[in-house]
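Engineer: After the structure tokens below, expect a handful of questions from me.
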Amino acid sequence: MVPIVLVRGLLREAGHWHLMVDALKRLDDELLIVTPNVPGNGCLYQQTSPMKIEQMLDPLLEQLPKQFERYHVVAISMGSMLASHWAHLDSDKVASLTLINPSFARYSPIHERFNLRAIPKLLSARLRGRDTFEKAILDVTFPDHVTNPSILAYHLALNSKHPVRFSNALRQLIAAAKFVGPNQPPSCPTQVITSKHDKLVRSRAGQAVASNWNVHHRSFYSDAHDLPADSPNELADYLYQWLKKLKL
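My numbering numbers the first residue of the sequence shown as 4 and each following residue consecutively.
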């Protein structure tokens, strides 16, 4: 069985995949799922985040089990930038590529890649403390969290365990903003998934990647940038069926 590698994005870590991992495991408890972190996030929170997406790849690959030859890669947001670079750099290792709410400077202007009104609010919230910062992130990436207080509590606990430094937040934001993106799809089966009403990244940014690459695009009716947290069961079911066609 080919392992599934889940790659998170800006300021997020392996622990934020928990709902998605649980949903996938309910579909098939034999799935092999790996959730590495980029430097500066998760268990690597004490490291300095690179200011280039490409420089994040080696630290991520070091966290993967070495006994496997290939991986199905599922990545979101900034993670999709890193995953697309990986798939082009070492196509033999990437069995398939799924990009969730991606955006590349090559195809989209900055105002479609980021909600420019949200960025100053997020940065100012960080200056008011970690708890305020985490709530501000959830407000823009997972609006429905307000209906379930346990979601905020879980995220606050993660943030307390693995606090992201303000300097690393800036470095990751710069790295994501500068990322141009490949001008063609990788050789492996590839798809793009978007949230139709994403409040952080315009869905047309992901559509632009799919259109220019001429790969499959699937839209979910959601306003959450963090689609795996907002719709874990629906997304897991769709992804599992897609991967089964590729012979997991």
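All C-beta atoms, glycine included, are put in the ideal place defined by N, C-alpha and C.
1) So, are the CB atoms of T197 and N104 less than 8 Å apart?
2) Do the stretch 65-77 and the stretch 144-164 make contact, defined as three or more Cβ pairs closer than 8 Å?
3) Helix, strand or coil for S206, going by three-state DSSP, please let me know.
4) Bridge partners for L221 per DSSP, in chain order?
5) Rounded to the nearest angstrom, what separates Q244 and A172 at their Cα positions?
6) Grab me the residues of L27's own chain with a C-beta within less than 6 Å of its C-beta, minus the 5 sequence neighbours each way, in chain order.
7) For the beta strand (DSSP E) containing T150, list its first residue and its last residue.
8) Using a Cβ-Cβ cut-off of 6 Å (strictly less than) and excluding sequence neighbours within five positions of V24, which residues of its own chain qualify?
9) Going by DSSP in three states, H91 sits in which element: helix, strand or coil?
10) For Q210, which residues from the same chain have a beta carbon less than 7 Å from its beta carbon, with the 5 sequence-adjacent residues on both sides left out?
11) Could you check whether the stretch 119-129 touches the stretch 91-107, counting it as contact only if at least three pairs of C-beta atoms, one from each stretch, sit closer than 8 Å?
Structural biologist: This is what the structure gives:
1) Translated into positions along the sequence shown, residue 197 becomes position 194. Translated into positions along the sequence shown, residue 104 becomes position 101. Yes, Cβ-Cβ distance for T197 and N104 is below 8 Å.
2) no
3) Translated into the one-based positions of the sequence shown, residue 206 becomes position 203. Helix.
4) For the purposes of this step, residue 221 is taken as the residue at position 218 of the sequence shown. It should be pointed out that residue 221 corresponds to Arg in this sequence rather than to Leu. BP columns for R221 point to I196.
5) The residue labelled residue 244 in the question sits at position 241 within the sequence shown. The residue labelled residue 172 in the question sits at position 169 within the sequence shown. Distance between the alpha carbons of Q244 and A172 is about 35 Å.
6) Numbered from its first residue, the sequence shown carries residue 27 at position 24. L34, A239, listed in sequence order.
7) As a first step, residue 150 must be located in the sequence shown, where it is residue number 147. Where T150 is concerned, there is no enclosing beta strand (DSSP E), given that its DSSP letter is neither H nor E.
8) The sequence position of residue 24 within the sequence shown is 21, counting from 1. Taken in chain order, the residues that qualify are I36.
9) As a working mapping, residue 91 is identified with position 88 in the sequence shown. H91: helix per DSSP, three-state reduction.
10) Within the sequence shown, residue 210 is the residue found at index 207, counting from 1. Taken in chain order, the residues that qualify are T197, H220.
11) no
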